[in-house]
Amino acid sequence: MTKTILFDLTNAELEKFVTDMGQPKFRAKQISEWMSRGAPDFSVMKNLPEKLRQDLDECAQTLLVRVIKKLESSDGETTKFLLELSDGEKIECVLMRTSYGNSVCVSSQAGCAMGCKFCASTLLGLKRNLTVNEIFSQILVAQWELRGDKFSEKPIRPNGDANNNDVSHIVVMGTGEPLQNTQNVIGFIERANTDMGIGWRRITVSTCGIVPGIEDLIAWGRPINLAISLHAPNDELRKKLMPIANKYTIAQVMDAAWRFTDTHNRQLMIEYLLVGDANGNLLNATTECANELSELLRGKNCMVNLIPWNAVAEREFTSPSGNAVHRFQDILIKNGIHARIRRERGNDIGSACGQLRLNNTKGVSDET
Ligand code: SF4
Numbered sequence: 371m372t373k374t375i376l377f378d379l380t381n382a383e384l385e386k387f388v389t390d391m392g393q394p395k396f397r398a399k400q401i402s403e404w405m406s407r408g409a410p411d412f413s414v415m416k417n418l419p420e421k422l423r424q425d426l427d428e429c430a431q432t433l434l435v436r437v438i439k440k441l442e443s444s445d446g447e448t449t450k451f452l453l454e455l456s457d458g459e460k461i462e463c464v465l466m467r468t469s470y471g472n473s474v475c476v477s478s479q480a481g482c483a484m485g486c487k488f489c490a491s492t493l494l495g496l497k498r499n500l501t502v503n504e505i506f507s508q509i510l511v512a513q514w515e516l517r518g519d520k521f522s523e524k525p526i527r528p529n530g531d532a533n534n535n536d537v538s539h540i541v542v543m544g545t546g547e548p549l550q551n552t553q554n555v556i557g558f559i560e561r562a563n564t565d566m567g568i569g570w571r572r573i574t575v576s577t578c579g580i581v582p583g584i585e586d587l588i589a590w591g592r593p594i595n596l597a598i599s600l601h602a603p604n605d606e607l608r609k610k611l612m613p614i615a616n617k618y619t620i621a622q623v624m625d626a627a628w629r630f631t632d633t634h635n636r637q638l639m640i641e642y643l644l645v646g647d648a649n650g651n652l653l654n655a656t657t658e659c660a661n662e663l664s665e666l667l668r669g670k671n672c673m674v675n676l677i678p679w680n681a682v683a684e685r686e687f688t689s690p691s692g693n694a695v696h697r698f699q700d701i702l703i704k705n706g707i708h709a710r711i712r713r714e715r716g717n718d719i720g721s722a723c724g725q726l727r728l729n730n731t732k733g734v735s736d737e738t
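Here it is in structure tokens:
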């Protein structure tokens with residue numbers, strides 16, 4: 371029997387659902403409050419009669435995603451979730467407890483069509499776009515992980531305090547290309563801002579460089595953060611790593627990105643993965659690349675996040691040595707470019723984007 375997903379119902383539909391079960395209307399509000407805190411099932415809804423909880427369990431589900439695997443990093447700072455959607459598709463979402471708050475990295479698509487050569491998420495292609503509610507449900511999974519049923523009566527207002535048990539930051543950087551699903555991503559961000567009080571400036575959308583999508587964000591007009599997955603300082607090298615470079619040149623992508631950040635006076639994030647080829651030769655992490663990247667970004671308001679490649683078994687790349695990574699950063703800094711090496715979070719839980727989903731979709735166990 372297909373279960374009704376209550377999170378996808380409007381308030382009126384939820385009221386009808388509970389009254390059709392012979393329950394008073396106020397049960398709908400109670401269920402709705404539990405779902406807004408991320409309640410994964412009905413067993414936790416202690417203010418509902420036990421019989422009702424059992425009946426609901428037989429015919430309904432709360433959120434649009436179901437946690438089927440949860441991995442904790444050994445330092446306790448990162449939790450990675452493998453989630454199943456109602457049609458059986460799987461996605462990933464990651465909760466990171468940081469010094470500035472609790473950040474959640476969400477997926478915007480099941481799979482990805484972009485074909486980046488270094489990425490696990492695209493290996494099985496694009497299955498479909500996620501709906502607004504499916505993206506939002508990922509935040510609620512993280513919220514439940516942080517707070518569970520220990521919520522106060524006051525509304526949840528994140529304050530960026532690391533000790534605050536609320537989601538405070540969102541990055542749309544998980545599986546999928548957000549700007550191939552722009553309208554649903556925008557709908558999700560609007561909802562996260564309205565329902566959970568997460569400020570625009572605490573929300574980041576990362577794109578591989580879909581120029582019309584960046585134009586859509588400019589037209590939308592909200593002062594969120596934009597991250598460009600650049601990964602190469604010139605088109606020739608970028609085409610070897612990212613097929614999207616055949617469609618949009620770096621000049622076109624950066625022109626749109628600067629217009630976005632200039633409009634909102636925001637710092638542009640540049641994501642730059644450092645990889646070597648199968649023989650260990652540096653591909654995009656050479657001195658020449660660092661100097662070329664510096665020229666591209668000189669005088670601009672941006673921060674380069676350097677990301678040492680995280681091994682994906684199916685991809686024939688290598689991770690540059692720590693020395694090579696630091697040398698690359700040093701050159702950027704010497705050239706006046708803000709650059710930091712992204713801390714590798716959750717390495718022990720397969721943090722390479724899409725790896726957990728890939729392993730579980732193929733039926734390969736990731737557990738060691
Ligand atoms: S890096 Fe991002 S855009 Fe590229 S294939 Fe992976 S998920 Fe898609």
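If you read the sequence shown in the working numbering, its first letter stands for residue 371, the second for the next number, and so on.
Ideal Cβ positions, reconstructed from N, Cα and C, are used throughout, including at glycine.
Remember, it's a predicted structure, so these values are computed and weren't measured experimentally.
Where residue i falls, given that 16 or more other Cβ within 10 Å makes a residue buried
{"i": "GLN553", "result": "exposed"}
{"i": "SER735", "result": "With a pLDDT of 33 at SER735, under the threshold of 50, the predicted position of this residue should be treated as unreliable, though the coordinate-derived value follows. Label assigned to SER735: exposed."}
{"i": "MET371", "result": "exposed"}
{"i": "ASN693", "result": "exposed"}
{"i": "ALA398", "result": "buried"}
{"i": "ARG710", "result": "exposed"}
{"i": "MET612", "result": "buried"}
{"i": "ALA626", "result": "buried"}
{"i": "SER444", "result": "exposed"}
{"i": "ASN529", "result": "In this prediction, ASN529 has a pLDDT of 49, which is less than 50 and means its spatial position is unreliable; nothing more can be read from the coordinates."}
{"i": "GLU385", "result": "buried"}
{"i": "GLY669", "result": "exposed"}
{"i": "SER413", "result": "exposed"}
{"i": "GLU383", "result": "exposed"}
{"i": "GLY583", "result": "buried"}
Cutoff 8 angstroms; reference residue i; Cβ partners in own chain excluding five residues on either side
{"i": "LYS346", "result": "Coverage of the chain is limited to positions 371 through 738, which leaves residue 346 absent and any answer about it impossible."}
{"i": "ARG571", "result": "PRO593, ILE594, ASN595 and ARG636"}
{"i": "LYS416", "result": "ASP519"}
{"i": "MET673", "result": "GLN637, LEU638, MET639, ILE640, HIS708, ALA709 and ARG710"}
{"i": "VAL502", "result": "ASN554, GLY557, PHE558 and ARG561"}
Residue of the options minimising C-alpha distance to residue i
{"i": "ASN535", "options": "TRP514, THR545, GLU547 and ASN675", "result": "TRP514"}
{"i": "LEU638", "options": "ASN675, GLN622 and VAL435", "result": "ASN675"}
{"i": "ALA409", "options": "ILE707, LYS520, LEU644 and THR574", "result": "LYS520"}
{"i": "GLN508", "options": "SER491, TYR642, LYS373 and LYS450", "result": "LYS450"}
{"i": "PHE687", "options": "ARG697, ALA655 and ALA660", "result": "ALA655"}
{"i": "THR619", "options": "LEU600, HIS634, THR633 and ASP632", "result": "LEU600"}
{"i": "ASN381", "options": "MET391, ILE401, LEU493 and LYS373", "result": "ILE401"}
{"i": "THR389", "options": "LEU422, SER406 and ASN417", "result": "LEU422"}
{"i": "GLY518", "options": "ILE438, MET405 and GLU684", "result": "MET405"}
{"i": "LEU493", "options": "GLY485, GLU442 and ASP411", "result": "GLY485"}
{"i": "SER491", "options": "GLU504, VAL537 and MET543", "result": "MET543"}
{"i": "LYS704", "options": "ALA681, ARG685, ARG727 and THR657", "result": "THR657"}
{"i": "ILE438", "options": "SER444, ASP425, ASP427 and LEU452", "result": "LEU452"}
{"i": "ARG407", "options": "ALA430, PHE377, PHE387 and SER444", "result": "PHE377"}
{"i": "ILE742", "options": "GLU547, ASN551, ILE573 and LEU549", "result": "Not covered by the structure: residue 742. The range shown for the chain is 371 to 738."}
{"i": "VAL581", "options": "GLY567, ILE598 and MET566", "result": "ILE598"}
{"i": "ASN649", "options": "THR577, PHE698, SER538 and SER691", "result": "SER691"}
{"i": "LYS440", "options": "VAL464, GLN622, PRO548 and LEU587", "result": "VAL464"}
{"i": "PHE698", "options": "GLN393, CYS659 and ASP427", "result": "CYS659"}
{"i": "ASP647", "options": "VAL502, LEU607, GLU662 and SER664", "result": "LEU607"}
{"i": "GLU550", "options": "ILE505, ILE540 and ASN499", "result": "Before going on, a small fix: residue 550 reads as Gln here, not Glu. That would be ASN499, whose Cα lies nearest to the Cα of GLN550."}
{"i": "GLY546", "options": "GLU684, GLY458, ILE540 and VAL476", "result": "VAL476"}
{"i": "GLY364", "options": "GLY569, VAL502 and GLU428", "result": "In the structure as shown, the chain starts at 371 and stops at 738, and residue 364 therefore has no counterpart that could be examined."}
{"i": "ASP700", "options": "ARG685, ALA683, LEU663 and GLU454", "result": "LEU663"}
Cβ shell of residue i (< 7 angstroms), same chain only, five flanking positions each side left out
{"i": "LEU496", "result": "GLN479, GLY481, CYS482 and ALA483"}
{"i": "LYS590", "result": "The question names Lys, but residue 590 is Trp in the sequence shown. Hits under 7 angstroms: ILE556."}
{"i": "ASP605", "result": "ALA615, THR619 and ILE620"}
{"i": "LYS524", "result": "Only weak support exists for where LYS524 lies, its pLDDT of 49 falling under 50; the value from the coordinates is given anyway. There are no such residues."}
{"i": "ILE375", "result": "GLN431, LEU434 and SER456"}
Same chain, Cβ closer than 6 angstroms to residue i, five either side skipped, listed in chain order
{"i": "PRO678", "result": "LEU644, SER689 and VAL695"}
CB contact below 8 angstroms: residue i versus chain B
{"i": "ALA681", "result": "Among the protein chains of the structure shown there is no chain B, as only one such chain exists."}
Any non-hydrogen atom of ligand 3 closer than 7 angstroms to residue i Cβ
{"i": "GLY567", "result": "Ligands in the displayed structure: ligand 1; ligand 3 is not one of them."}
| task | With a cut-off of 5 angstroms, give the chain-ordered residues whose Cβ is closer than this to any heavy atom of ligand 1. | result | CYS482, MET484, CYS486, CYS489, SER491, THR492, GLU547 and CYS578
| query | What are the uninterrupted segments assigned as beta strand (DSSP E) that are 3 or more residues long and contained completely in the stretch 503 to 586, given in chain order? | reply | 537 to 542 and 573 to 577
| request: Ignoring anything shorter than 4 residues or poking outside the stretch 375 to 425, list the alpha helix (DSSP H) runs there in chain order. | output: 381 to 390 and 396 to 406
| request: Tell me the start and end of each unbroken beta strand (DSSP E) in the stretch 624 to 685 that is at least 3 residues and wholly inside, in chain order. | output: 638 to 644 and 672 to 678
| task | Please go through the stretch 444 to 480 and give each complete beta strand (DSSP E) segment of 3 or more residues, from N-terminal end onward. | result | Secondary structure in the stretch 444 to 480: the beta strand (DSSP E) runs of 3 residues or longer, each lying completely within the stretch, are 448 to 455, 460 to 468 and 471 to 476 in chain order.
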